[in-house]
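Undergrad: After the C-alpha cells below, expect a handful of questions from me.
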Amino acid sequence: MIDEADAFAAWELAPVHCLAEHGCLDYHRVWGLLRLLLPAKPLFGEDTIVQGVRSLSSGNGRILLCGAADTAVLKLILEVGEAMDCAPMVDVIERCASACEVLRLHAARRGSKVNIIQGDFSDAAQLSLPSPTTYDLVIAHNILGLIPGEFRQAVCANWASLSARGSTLLLVQTLCASDVAWLDRNRPRDVDSALATLLNGLRSRDVSEQRTNDILTTAQRFWQATWRQSPALTEASVKSLLSTAGFSTTQVHYDACLERGPSSASITTRSGHSRALFMAVRRRHVAGVD
Ligand SMILES: C[S@@+](CC[C@H](N)C(=O)[O-])C[C@H]1O[C@@H](n2cnc3c(N)ncnc32)[C@H](O)[C@@H]1O
C-alpha cells in the first residue's frame with residue numbers, strides 16, 4: 012500500500028521542510044511509517060476511488076488530489092491509471108513542502124508524470140495552477156477536518172471552481188455526532204498496544220536502536236495529540252458546506268471506509284467518531300463561479 016522508500020523518506024524530509032506554524036511535523040514524519048508497519052488496512056473509500064479513476068477511461072480525464080500526507084492515495088490512483096489503456100492526468104495540491112517532496116520522489120521512481128503543486132486551499136489567490144484548471148474527478152481525502160472552521164467554506168468553493176461542471180468530488184472525512192468538539196482520539200491502552208506492534212515492525216526491518224526510539228517517541232506524541240480543527244464536522248455540516256459551494260451530495264457511505272485503531276482516529280462507537288465517504292456532483296451552474 013505504501014512503498015518502504017516513501018515512508019522512510021518522509022521520516023527524513025519532514026524535519027527539513029515542515030513549517031512549525033502548520034503543526035504537521037510529527038504527523039508527516041510518522042504517518043507513512045504507520046501505514047507501512049502497522050497491520051495493513053484498505054484506504055478509506057478505496058473501492059470508490061478505484062471506480063472513479065476507472066470511469067475516466069478516455070485518457071483525457073484529469074484528476075485532482077487535494078492534500079496528500081503520504082503516497083498511498085497517489086500510488087493507488089497511478090496503479091489504476093497504469094492498468095488502463097489511457098491513464099488520466101493527475102495533479103496534486105498539498106500545502107506542505109515535505110509531503111510534496113515525497114510525492115515527487117514517488118512519481119519519479121515509478122516514472123509517472125504527476126504535477127505536484129505546493130499550495131494552500133484556504134487561499135485561492137496564491138494557488139499557482141496549470142491551465143486548463145478544471146478537473147473531472149476531485150479527491151479530498153481526510154483534509155477538510157484539518158482546515159480551521161472559518162476557512163472551510165472557501166476551501167470547498169475552491170474545489171468547486173476547480174471542478175468541471177457535472178464532475179465528481181469524492182470526499183473522505185472523519186465525522187462527529189455533534190459539531191461542538193472532536194472527541195479524544197485514542198485510549199492509552201490502544202496507544203501502548205500500537206507502540207508494541209510498531210516496535211516489532213521496526214525490529215523486523217533492522218532499524219537502528221536510536222532511530223527506533225525516535226520513531227516510537229514521535230508516534231506516541233502524534234497519537235496523544237489531535238491535529239483536527241474546530242468545530243468538529245458532522246454529516247449535516249459537510250453536506251451544507253458542499254451544497255453552498257455548488258456540489259450536490261448524491262451518496263454518503265459509512266461502511267466504505269471502516270477502519271479502527273490508533274493509526275488513525277478510531278471510529279468505534281466508543282469514541283463517537285465515524286468515517287464517511289461523500290460522493291458529490293458539481294452542479295452545472297454555481298452562482299459567482301459560472
Ligand atoms: C490527513 S492528510 C491526508 C492523508 C491521507 N489522505 C490519508 O487519509 O491517510 C491531509 C493533508 O492535507 C494537507 N493540508 C492541510 N491543510 C491544507 C491546505 N489548507 N491546503 C492544502 N493542503 C493542506 C496536510 O499537509 C496533509 O498532508
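So the sequence shown is residues 12 to 301, counted in our numbering.
Built from N, CA and C at the ideal position, the CB exists for glycine as well.
(1) Sort out for me which residues DSSP pairs Gly75 with in a bridge.
(2) Less than 6 Å between the CB of Asp190 and some heavy atom of ligand 1, yes or no?
(3) Could you tell me whether any non-hydrogen atom of ligand 1 is closer than 6 Å to the CB of Arg106?
(4) Can you check whether the CB of Asp81 is closer than 7 Å to the CB of Gly307?
(5) Could you check where the alpha helix (DSSP H) with Thr223 kicks off and where it finishes?
(6) Give me the Cα-Cα distance between Pro26 and Asp37, rounded to the nearest whole angstrom.
(7) What is the DSSP secondary structure of Ser277, counted as helix, strand or coil?
(8) Quick one: does the C-beta of Ser133 sit closer than 6 Å to a heavy atom of ligand 2?
(9) Check whether the Cβ atoms of Ala236 and Trp193 lie closer than 7 Å to each other.
(10) On the CB-based measure, 16 or more other CB atoms within 10 Å of its CB, does Ser277 come out buried or exposed?
(11) From Arg115 to Asp17, what distance separates their C-alpha atoms?
(12) State yes or no: is the C-beta of Leu148 within less than 7 Å of the C-beta of Thr185?
(13) Starting from Phe19, trace the alpha helix (DSSP H) both ways and give me its first and last residue.
(14) Taking Ser248 as part of the beta strand (DSSP E), name the residues at either end of that continuous run.
(15) Start and end of the alpha helix (DSSP H) containing Ala165?
(16) Compute the Euclidean distance between the alpha carbons of Leu89 and His117, then round it to the nearest angstrom.
(17) Just reading off the beta strand (DSSP E) that His117 is part of, what are its end residues?
(18) In terms of alpha-carbon separation, which member of Ile74, Glu112, Arg232, Arg65 lies closest to Ala21?
(19) Run the proximity test for Val125: is its beta-carbon closer than 6 Å to any non-hydrogen atom belonging to ligand 1?
(20) Using DSSP bridges, identify the partner residues of Cys316.
(21) Per DSSP, Asn197 is paired with what?
(22) Cutting at 6 Å between CB atoms, please list the residues of its own chain near Ile308, excluding the five before and the five after it.
(23) Considering only residues of the same chain and omitting the five flanking positions on each side of Thr280, which have a CB-CB separation below 7 Å?
(24) From Val292 to Ser174, what does the alpha carbon distance come to, in whole angstroms?
(25) Measure the alpha-carbon distance for Cys29 versus Arg40 and round it to whole angstroms.
(26) Measure the beta-carbon distance from Ala171 to Ala256 and round it to whole angstroms, keeping in mind my assumption that it falls under 8 Å.
TA: Taking the definition as stated:
(1) Here residue 75 is taken as the residue at index 64 of the sequence shown, counted from 1. The question names Gly, but residue 75 in the sequence shown is Leu. Asp102, Val149, per the DSSP bridge assignment.
(2) Stepping through the sequence shown from its first residue, residue 190 is reached at position 179. Look at Asp190: its beta carbon is at least 6 Å from all of the heavy atoms in ligand 1.
(3) On the sequence shown, residue 106 is found 95 positions in, with the first residue counted as 1. Correct: Arg106 has its Cβ closer than 6 Å to ligand 1.
(4) Here the chain covers residues 12 to 301 and nothing more, so residue 307 does not appear.
(5) For the purposes of this step, residue 223 is taken as residue 212 along the sequence shown, with counting starting at 1. First-last of the alpha helix (DSSP H) with Thr223: 220-235.
(6) As a first step, residue 26 is located in the sequence shown; it is residue number 15 there, counting from the start. As a first step, residue 37 is located in the sequence shown; it is residue number 26 there, counting from the start. Rounded to the nearest angstrom, the two C-alpha atoms are 9 Å apart.
(7) As a first step, residue 277 must be located in the sequence shown, where it is residue number 266. Bear in mind that a pLDDT of 44 at Ser277, under 50, signals an unreliable position, so the model cannot answer this.
(8) Questions concerning ligand 2 fall outside what the structure shown contains, since the ligands it does hold are ligand 1.
(9) Taking the sequence shown and counting its residues from 1, one reaches residue 236 at position 225. Taking the sequence shown and counting its residues from 1, one reaches residue 193 at position 182. Taking 7 Å as the Cβ cut-off, Ala236 and Trp193 do not qualify as a contacting pair.
(10) Residue numbering aside, residue 277 sits at position 266 when the sequence shown is read from its first letter. Below a pLDDT of 50, predicted positions are generally treated as unreliable, and Ser277, at 44, falls in that range; the measurement from the model is reported next regardless. So Ser277 counts as buried.
(11) Your numbering for residue 115 matches position 104 in the sequence shown. Your numbering for residue 17 matches position 6 in the sequence shown. Linking Arg115 to Asp17 through their CA atoms gives a straight-line distance of about 10 Å.
(12) Along the sequence shown, one-based indexing puts residue 148 at 137. Along the sequence shown, one-based indexing puts residue 185 at 174. No; because the gap between Cβ atoms is not below 7 Å, this pair is not in contact.
(13) The residue given as residue 19 occupies position 8 in the sequence shown. Element bounds for Phe19: 15-28.
(14) As a first step, residue 248 must be located in the sequence shown, where it is residue number 237. Here Ser248 belongs to no beta strand (DSSP E); instead the alpha helix (DSSP H) covers 246-256.
(15) Within the sequence shown, residue 165 is the residue found at index 154, counting from 1. Ala165 -> alpha helix (DSSP H) spans 160-173.
(16) Position 78 of the sequence shown, counting from 1, holds the residue named residue 89. Position 106 of the sequence shown, counting from 1, holds the residue named residue 117. The straight-line gap from Cα to Cα measures roughly 11 Å.
(17) Taking the first residue of the sequence shown as position 1, residue 117 is located at position 106. Careful: His117 lies outside any beta strand (DSSP E), inside the alpha helix (DSSP H) at 108-121.
(18) Start at 1 with the first residue of the sequence shown, and residue 21 comes out as number 10. Measuring from the Cα of Ala21, the nearest candidate turns out to be Glu112.
(19) Position 114 of the sequence shown, counted from the first residue, corresponds to residue 125. No; taking the cut-off as 6 Å, the Cβ of Val125 has no heavy atom of ligand 1 nearer than that.
(20) Since the first residue of the chain shown is 12 and the last is 301, residue 316 is not available in this structure.
(21) The sequence position of residue 197 within the sequence shown is 186, counting from 1. None; Asn197 has no bridge partner.
(22) Here the chain comprises residues numbered 12 to 301, so residue 308 is not present and cannot be evaluated.
(23) Within the sequence shown, numbered from 1, the residue matching residue 280 stands at position 269. Low per-residue confidence applies at Thr280: pLDDT is 45, beneath 50, and the placement is therefore not dependable enough to give any value.
(24) As a working note, residue 292 is residue 281 in the sequence shown. As a working note, residue 174 is residue 163 in the sequence shown. Approximately 9 Å, taken between the alpha carbons.
(25) Translated into positions along the sequence shown, residue 29 becomes position 18. Translated into positions along the sequence shown, residue 40 becomes position 29. The straight-line gap from Cα to Cα measures roughly 9 Å.
(26) Translated into positions along the sequence shown, residue 171 becomes position 160. Translated into positions along the sequence shown, residue 256 becomes position 245. About 4 Å; that satisfies the 8 Å criterion.
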